[in-house]
Amino acid sequence: MAFLPRFQAGLRLQNVVLSPTKTDPLRFPIIITLLQNRGKTSSVYAHTDRTVAERNLKGKKRQGDIIDEAFARSGVNRSRRSIAKRSVMITNLGQIVDPYVPLAKKNFILTPKGLKQRWQAFKSFLKSTYCMAIIKRKAKPFNISDFKLQAEKIYIAANQSLSNQDKNRLHELTTETAFHELRSAFKNKFVKWKYLGMASKPRIVNARVVPVDDKTNTFAQITVKLHIKQILTVYDQYDRLLTGDENRFKQPVEYVVFEKHLINPKSPWRISGKVIPEATNIDRSTSNRDQSDMTVATAS
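Listed below in structure tokens is the structure:
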């Protein structure tokens, strides 16, 4: 049995350490010192740890007192507890919820695809009708005809602000997410936009109401179909024409999404983005689609 020699050697070493002779301390000085001062060493470290912890706690209390004194000198009566419980206000959704998908082609109603299209359109119509009823109740006064005219004015003003490089006005007419996306999309570019009128009246095609963190904290998004006449040209920072034609106008169909914070009565309707139909993205790389169709909502 191989472990017996090791076991016996261990016993002999234990006997030597625990009952040393006159010459044994010279042979095992480190082991004997550690065994004799084992309790003292641990108590010293424990005392040091308690001292460091007490100093850290006093430092944290002192830092908190300094913060309270700074608030008191500034005239703001606010404690650390109120700062920790301060709520965060969400001003926009940051995305288009349940985007509207316009049909490029309607299939025959008696076919499976045709029945599926009609059923999805019917469900979307029911959701939009229910959401419009909620918007009318929470965003008083709300009138559909007035909102269509307001959406047209917001769209025109946003494009003019982008053309005039009026950042403050553009930020008022668009959500925070749409504003930053517009800034990044048209960085080092200059836009010239001219409004020539509406080819057809605006029409509401979709509406959604979304609660955030609470059923009472709701946001509304309404998609409006805008068929406009416009001239748009885009130049780079060296005044070179990138796209568009100043002598030719186009009539793009825009599905612009407008957003409003319903819980805030002073919250205005702002542009949240645009829904791009799938039909316009089928062969963009091969057809080299002219960017003169681009508007504020396109980049957002």
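According to the numbering used here, the sequence shown is numbered sequentially starting from 1493. Here a beta-carbon is modelled for each residue, glycine too, at the ideal position from N, C-alpha and C.
Near residue i, what residues of its chain come up, given a Cβ to Cβ distance below 8 Å and the 5 sequence neighbours on each side ignored?
i       : result
Pro1760 : Glu1664 and Lys1752
Asp1705 : Ile1582
Arg1530 : Note that Arg1530 scores a pLDDT of 49, beneath 50, so its modelled location is shaky; the value from the coordinates is reported in the next line. Counting only Cβ-Cβ distances below 8 Å, and skipping sequence neighbours, we find nothing.
Is residue i helix, strand or coil when you go by DSSP?
i       : result
Leu1641 : helix
Asn1660 : helix
Ile1768 : coil
Gly1736 : strand
Ala1677 : helix
Thr1708 : coil
Lys1608 : helix
Thr1666 : strand
Pro1517 : Caution applies to Pro1517, whose pLDDT of 49 falls short of 50 and renders its modelled position unreliable; the model cannot decide the point.
Lys1628 : helix
I'd like the list of long-range same chain contacts for residue i, defined as Cβ closer than 6 Å, with 5 residues on each side in sequence excluded.
i       : result
Gly1586 : Thr1669
Pro1769 : Pro1594
For residue i, which of the options has the nearest alpha-carbon?
i       : options                               : result
Asp1590 : Asn1680, Phe1617, Asn1599 and Arg1610 : Phe1617
Thr1708 : Asn1756, Ser1637, Asp1728 and Arg1700 : Asn1756
Tyr1622 : Arg1700, Gly1765, Val1767 and Leu1754 : Arg1700
According to DSSP, which residues form a beta bridge with residue i?
i       : result
Met1690 : Ile1720
Asp1728 : Lys1681
Ile1601 : Per DSSP, none; premise fails for Ile1601.
Ala1699 : Ile1714
Glu1751 : Gln1713 and Arg1762
Cutting at 7 Å between CB atoms, please list the residues of its own chain near residue i, excluding the five before and the five after it.
i       : result
Arg1573 : Unreliable placement is indicated for Arg1573, whose pLDDT of 48 sits below 50; the coordinate value is still reported in the next sentence. None.
Phe1671 : Leu1662 and His1663
Asn1599 : Lys1605, Gly1606 and Gln1609
Phe1741 : Leu1688, Lys1721, Gln1722 and Ile1723
With contact counted as at least three CB pairs below 8 Å, one residue from each stretch, are the stretch 1680-1695 and the stretch 1720-1736 in contact? Yes, the stretch 1680-1695 touches the stretch 1720-1736.
Looking at C-beta atoms only, is the number of pairs between the stretch 1698-1715 and the stretch 1738-1755 that lie closer than 8 Å three or more? yes
Cβ contact check for the stretch 1640-1657 and the stretch 1618-1630: 3 or more pairs under 8 Å: As far as the Cβ criterion goes, the stretch 1640-1657 does not touch the stretch 1618-1630, which means the pair count is below three.
Do the stretch 1594-1606 and the stretch 1672-1683 touch if we need at least three Cβ pairs shorter than 8 Å? no
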